[in-house]
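Per UniProt numbering, numbering of the sequence shown is gapless, rising by one per residue and ending at 521.
Heads up, the beta-carbon is just placed ideally off N, CA and C, and yes, glycines get one too.
Working notes for the structure below.
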Amino acid sequence: MIFPFAYSAKLIECGSKHLALYLAIREAITEGKLSPGERLPSTRRLAALYDLSRGSVSVAYEMLTAEGFVQAGVGQGTFVAGWEHEAETTKATATEATATEASAVAPSLTKWGRRLMKLRPFEIPHSPEPAVQLTEMAELLSFVPEGVGKAWFPWSEWKAEVAMQWKKLGASQEGDPLATEGSWQLRQAIAGRLRRERGIGCEPCDIVITAGSMQAIALIAQLLLEEGKTAVVENPSYTGIQLAVSATGARMLAQDVDRNGIVPQDWKADLLFVTPTRQFPTGVVLSYERRRALLAWASRHDAWIVEDDYDSDFRWGGRPIEPLKSLDKEGRVIYVGTFSRSMGKGVRIGYAVLPKELIHPFISAKNLYDPYPTGIAEQQSLAKWMSEGGYDRHMRRVRRIFGRLESKLRLGLERELSELFDIVPSDAGLHVYAKWKKSAEAYELLVRQCALRSVTWKDGARYIVRDADEEANKPVVRTALFGFAHLDESLIDIGINRIRRAANELGLIGSDEGQGGNVHA
């Protein structure tokens, strides 16, 4: 069936993902775009199609069910109810509800709160969502990067160890004071690994454990930025960094990235966010000369550098790249890392290696939000796993697996889709970055056609920093991120084949005759 609704437009209006989805589906029902009795997609399928969490979809479905727009049956799915309403009345009511929800909180918020309300987390305005044809013929195949797939991580072993650590903690220790900076044993293990693997000379007391790298980035931004200050970010860059800077009220200065990484300038700025080992999302490596230039800039301007080393554990060739922190002789670099990339998104353990002057301010800030260590049993489990060599064994195994998958994906894209994409060279990371070669209109057409064939990827346009003074209609360079760490080799073949067939149907690519894409899709 055809399932059309304007999710992106609603998201721009209200800023809440589940509310935007609810409003979009409700509008589609009341305007007759969805007929009574039509079956809605499963929460899993709809979440994958629009890059949402299943929880957001479930909340939207529950709201629609409570108001009688849809009916759900256990084991049967969710269906449009026999609801009839005047379209204009419903649209006015929905708009009024959105405005009421926003006005109910906005007037009493601080400047910081109002800035947060204006942000659109991890989304950018773009063309209307395609009318997606959902069929039962093919399961959705998503190249959206998801980190380590469940099949590649020893979850049963991990869960058993976490359960054992909870038992060791015991009821008698539940009330004991715990350090907000995290498990001492884990900090020891991380310090040892950073010295051994990354050449960073640090001590356990220099490290603070966080709930993923994003918490570390947000706390650093709050400590070092405010209105009147300036932060430099790479362009394109991780959306979380952009949001953290914007929330502080500081000026955000976007600096373009070329094949050698960020282009150093003599910025009048207080803080620089950089991903030197593998730039996100392009995958390029910051040259040694530019690393030295960044450190010299920080020294001249008494500025700080935040190094987000999110993907350094996964290299497929070439020499290991030393982090910026290993070259830092003056204590200007704050090094941020995470285990979520190597263990899965469900493991929310990150860390920050801090210069001496920032250790106590950072701990004080973290203590305000998170006075007790997050997931102490998980931290203790990881410390034990690392000390016994289990983490290193896991990394050796997944590096072999992911090296094969990355090569399979890269070669497949180059062989089958070179007329459409320029594949950016890289020898590391869990996604392949590609630059679109044709028009923006052709890109949008292909996205829609691929949706019909149940295949998708991550649109790189969301990572471009859009200056507030830029024209809203300024063209955006179209790029794509193809993840592979959650797939197997056969699915990679099927996904590339679906994209090629979709492009062929649109006349964007030559005939399939003589091509290697012969996998049934």
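Alpha carbon to alpha carbon, what distance is there between residue j and residue i?
i	j	result
His18	Glu31	20 Å
Lys458	Ile29	28 Å
Leu116	Gly249	10 Å
Ala365	Lys118	24 Å
Gln279	Gly261	7 Å
Gln255	Asn235	5 Å
Ser8	Leu23	11 Å
Phe69	Ala48	23 Å
Arg500	Gly507	10 Å
Glu123	Val144	Because Glu123 sits at a pLDDT of 43, beneath the cut-off of 50, its placement in the model cannot be relied upon, and the point is left open.
Ala296	Phe273	15 Å
Leu327	Arg26	56 Å
Tyr238	Val263	17 Å
Lys325	Gly212	19 Å
Ser387	Glu378	14 Å
Glu419	Ile401	28 Å
Lys159	Gln265	48 Å
Ser16	Leu243	15 Å
Glu203	Asp313	20 Å
Lys111	Ala247	9 Å
residue 525	Arg341	In the structure as shown, the chain begins at 1 and stops at 521. Residue 525 is therefore absent and cannot be evaluated.
Arg348	Val336	14 Å
Val132	Arg45	For Val132, the pLDDT reaches just 45, beneath the cut-off of 50, and the residue's location in the model is therefore unreliable, leaving the point undetermined.
His360	Ala440	49 Å
I need the DSSP call for residue i, collapsed to helix, strand or coil.
i	result
Ala48	helix
Ala163	helix
Lys435	strand
Glu31	coil
Gln493	Note on residue identity: the sequence assigns Asp, not Gln, to residue 493. Three-state result, Asp493: helix.
Gln71	strand
Asp392	helix
Arg251	strand
Ile321	coil
Leu141	strand
Phe421	strand
Thr65	helix
Tyr463	helix
Tyr372	coil
Ile217	helix
Lys345	coil
Ile200	coil
Of the residues the options, which one's Cα is nearest the Cα of residue i?
i	options	result
His486	Glu289, Ser56, Lys345 and Asp206	Lys345
Gly429	Lys118, Val285, Ile499 and Ala151	Val285
His394	Gly55, Gln242, Leu506 and Trp152	Trp152
Val432	Met164, Val59 and Gly147	Gly147
Ile464	Val477, Arg54 and Arg45	Val477
Thr277	Ala293, Arg315 and Leu271	Arg315
Ile376	Lys168, Ala72 and Trp155	Lys168
Ala221	Thr230, Thr210, Arg198 and Val245	Val245
Gly412	Leu354, Ile492, Arg348 and Asp422	Ile492
Arg251	Gly331, Ile241, Asp422 and Ile207	Ile241
Leu191	Ala352, Val455 and Lys111	For the record, residue 191 in the displayed sequence is Ala; it is not Leu. Checked all of Ala352, Val455 and Lys111; the closest Cα to Ala191 is Ala352.
Leu223	Gly317, Arg292 and Phe362	Phe362
Thr230	Pro204, Ile207 and His301	His301
Arg415	Asn497, Tyr50 and Leu243	Asn497
Arg466	His360, Glu441 and Leu253	Leu253
Arg332	Ser287, Leu271, Ala383 and Gln380	Leu271
Ala269	Gln71, Val80 and Trp304	Trp304
Pro281	Ile423, Ala247 and Glu330	Ile423
Lys438	Arg259, Ile509, Thr275 and Thr180	Ile509
Ser381	Glu161, Val336, Gly389 and His360	Glu161
Gly283	Glu62, Leu52 and Ala480	Ala480
Lys329	Val455, Pro355 and Gly317	Pro355
Val398	Tyr372, Asp488 and Ala461	Asp488
May I ask you to list the residues that DSSP assigns as paired with residue i?
i	result
Arg39	Phe79
Asp256	Asn235
Leu271	Ala231 and Trp304
Lys458	Leu481
residue 575	Since the first and last residues shown for the chain are 1 and 521, residue 575 lies out of range.
Val208	Ala352
Ile334	Val306
Asp328	Answer by DSSP bridge pairing: none, since Asp328 is not bridged.
Gly261	Asp258
Regarding residue i and the ligand PLP, is the C-beta to nearest heavy atom distance less than 7 Å?
i	result
Lys408	Although the ligand PLP was asked about, the structure shown includes no ligands whatsoever.
With contact counted as at least three CB pairs below 8 Å, one residue from each stretch, are the stretch 434-447 and the stretch 212-221 in contact?
no
With contact counted as at least three CB pairs below 8 Å, one residue from each stretch, are the stretch 178-192 and the stretch 295-310 in contact?
no
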